[in-house]
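Using the numbering used here, you'd call the opening residue of the sequence shown number 43 and step up by one each time.
A short write-up of the structure that comes next.
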Amino acid sequence: MASGGAHRLRLLMRMGWYAPIALVPRGRALERSEADVERWIEVLAPPVSRPWARLALLAERPEFRSLYYYRLRRAGGWRAAKAAVLGVIWPGERTLHLACSDIGGGLFIQHGFATIIAARSLGERCWVNQQVTIGFVRPDDRPVLGDGVAVYAGAKVLGAVTLGDAAVVGANAVVLEDVPAGYTAVGVPARLLPPKADR
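Quick look at the structure:
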């Protein structure tokens, strides 16, 4: 059997083990979860067709499981209770902490190791890498990220700052001031680079 076929067989076996997670009914509050699945399919192209992609992501990606449980907790009621139980049986990425009051659909978390997202809000289709801290300096001073924002490995976004739509935070940058839409923040402390068309 080719290595691709062996991987697919192992994935199918894992999917069977993780199948009960996907049986959690989806309510209106979980619509963003569908946007998450679509985005992860777009980025990762799992080796199974669309109806099975959610299950493949749950089986292979602990950071996706963390995001899925976040969605269930935000739905409240019995779904939140189920998320707590499922998280014990099938844990997500243990060092990924999602303490954000509002995360738009289509969030992609690459690796997610040692990552904290404690923003006031994240827009649609954001991208966050590993070892990122998006958090507060004081409890009331939390960042706001627009749509399509990317925060790369090791970056820190701290305090009451706003990252405009399609802003980028480079690896290991420390952002303490607003980043306009389309700009890139690099360095420590971060300096701004205009959109590529303006350079």
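The C-beta atom is built at its ideal place from N, Cα and C for all residues, glycine as well.
Source: prediction; values computed, not measured.
Pro181 and Ala161 do not touch by the CB rule: their CB atoms are close to 13 angstroms apart, not below 8 angstroms.
Taking 9 angstroms as the cut-off, the Cβ atoms of Ala197 and Ala213 count as close. Taking one beta carbon from each stretch, the stretch 130 to 145 and the stretch 160 to 179 have 3 or more pairs nearer than 8 angstroms; the two touch. Spanning the alpha carbons of Trp169 and Arg107 requires a straight line of approximately 16 angstroms. The DSSP-derived three-state label of His139 is strand.
Every unbroken stretch of the alpha helix (DSSP H) spanning 4 or more residues and falling wholly within the stretch 96 to 167 is given here in chain order: 104 to 117 and 119 to 131.
According to the DSSP assignment, Leu234 belongs to the beta strand (DSSP E) that extends over Arg233 to Leu235. Distance from Thr226 to Leu218 at the Cβ level is roughly 16 angstroms; contact not present, criterion being Cβ atoms closer than 8 angstroms. Membership of Ala202 in any alpha helix (DSSP H) is not indicated, and neither H nor E is assigned to it by DSSP.
For the pair Leu200 and Val210, the CB atoms are not nearer than the 9 angstroms cut-off. For Val228, no alpha helix (DSSP H) run applies; the uninterrupted beta strand (DSSP E) run containing it begins and ends at Thr226 to Val228, by DSSP. Secondary structure at Gly58: helix, using DSSP grouped into helix, strand and coil.
For the options Ala61, Ile145 and Leu100, the alpha carbon positioned closest to that of Val191 is the one of Ile145. Phe150 places its beta carbon 9 angstroms or farther from that of Thr137. No Cβ-Cβ contact shorter than 9 angstroms links Asp183 with Arg167.
Between the alpha carbons of Val127 and Ala202 lies a gap of roughly 34 angstroms.
A residue is called buried once 16 or more other Cβ atoms fall within 10 Å of its Cβ, and Ser75 is buried on that count.
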